[in-house]
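Below is one structure, written out as structure tokens, with a few remarks after it.
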Amino acid sequence: MNTAEIRITSQGDGMEEALAATERLGLESGLGHKENLRLRLLAEELIGMMRGIAGSVEADYQAGQKNKEFTLCLRADVNMSMELRRQLLAASSSGKNAAAKGLMGRIRNMVAAFILLEKGDSTLPSGLSMGLMSMGSPIVYRSGDTYAWTLKRYMSEVRSSQEQNEEAAEAWDELEKSIVANLADDVSVKIEGSKVEIAVIKAF
């Protein structure tokens, strides 16, 4: 059972409609009040991530359910216009992107960085380098022009590195405070050229 695809924008259009559709799906699937609240929180985190994207970005949102496992999916074709690229690089050089905290903020920066790479930037600007989430990390899998990342893989790497690596220790502290990391069973990110798919998986 799936909701209809709902077009949402970084300006906030469609967000309330998407959240309401997610809640209806939860109720129709037999979730209790607390379970449905957790599902809505995950949808809010996923959809809210678009608020931090520079420029005007649109995405299609859809929630699906099978045997009490829910997948909340956001699909976008991010057109890296010159203006959007300029804003990202300016934020990078000023340190604003580097200072972005939170798991979803890191994912947003990772998406932006890899799209910049696909557009011909040979190296990541320092402010868009994510350390453990960066290109050189085994956490990011590349196959041809496709990049793939999962929360499970990231958490495993951070957990094993936190005692030897200060950045990993900070990242683990961040994960412990993250709504998504605590509530979701997994998060997957797939980037192919300008096409981005982010899915949050939660089983009840």
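In terms of this note's numbering, the sequence shown opens at residue 683 and continues consecutively.
Using N, Cα and C, we set each Cβ at its ideal position, and we do this for glycine too.
Going by the DSSP bridge assignment, what does residue i pair with across the sheet?
i	result
Gln-693	Gln-693 is not bridged to any residue.
Lys-884	Phe-752
Glu-727	Answer by DSSP bridge pairing: none, since Glu-727 is not bridged.
Asn-684	Gly-746
Ala-741	Ile-690 and Ala-758
Thr-828	Ser-825 and Glu-874
Since residue i and residue j are thought to touch, with beta carbons under 8 Å apart, how far apart are those beta carbons, to the nearest angstrom?
i	j	result
Ile-873	Thr-828	7 Å
Leu-713	Leu-721	7 Å
Does the ligand COA have a heavy atom nearer than 7 Å to the CB of residue i?
i	result
Glu-845	With respect to the ligand COA, the structure shown offers nothing to examine, as it has no ligands at all.
Relative to the C-alpha of residue i, which candidate in the options has its C-alpha closest?
i	options	result
Thr-691	Val-882, Lys-716 and Glu-740	Glu-740
Phe-796	Ala-686, Ala-851 and Val-878	Val-878
Met-893	Gly-696, Ser-843, Leu-721 and Ala-702	Here the chain covers residues 683 to 886 and nothing more, so residue 893 does not appear.
Val-760	Asn-749, Ala-794, Ile-789 and Glu-751	Ala-794
Arg-835	Leu-701, Lys-859, Val-869 and Asp-742	Val-869
Ala-866	Gly-875, Cys-755 and Arg-706	Cys-755
Gln-747	Arg-706, Gly-784 and Val-862	Arg-706
Tyr-743	Asn-718, Glu-717 and Gly-694	Gly-694
Ala-725	Gly-826, Gly-708, Thr-704 and Arg-757	Thr-704
Ser-825	Asn-684, Glu-717 and Gly-875	Gly-875
Asn-859	Ala-881, Met-786 and Ser-838	Inspection of the sequence shows that residue 859 is occupied by Lys rather than by Asn. Closest by alpha carbon: Met-786.
(request) Please specify which runs of the alpha helix (DSSP H), each continuous and at least 4 residues long, are wholly inside the region 833-882, giving them in chain order. (result) 833-843, 848-859 and 861-865
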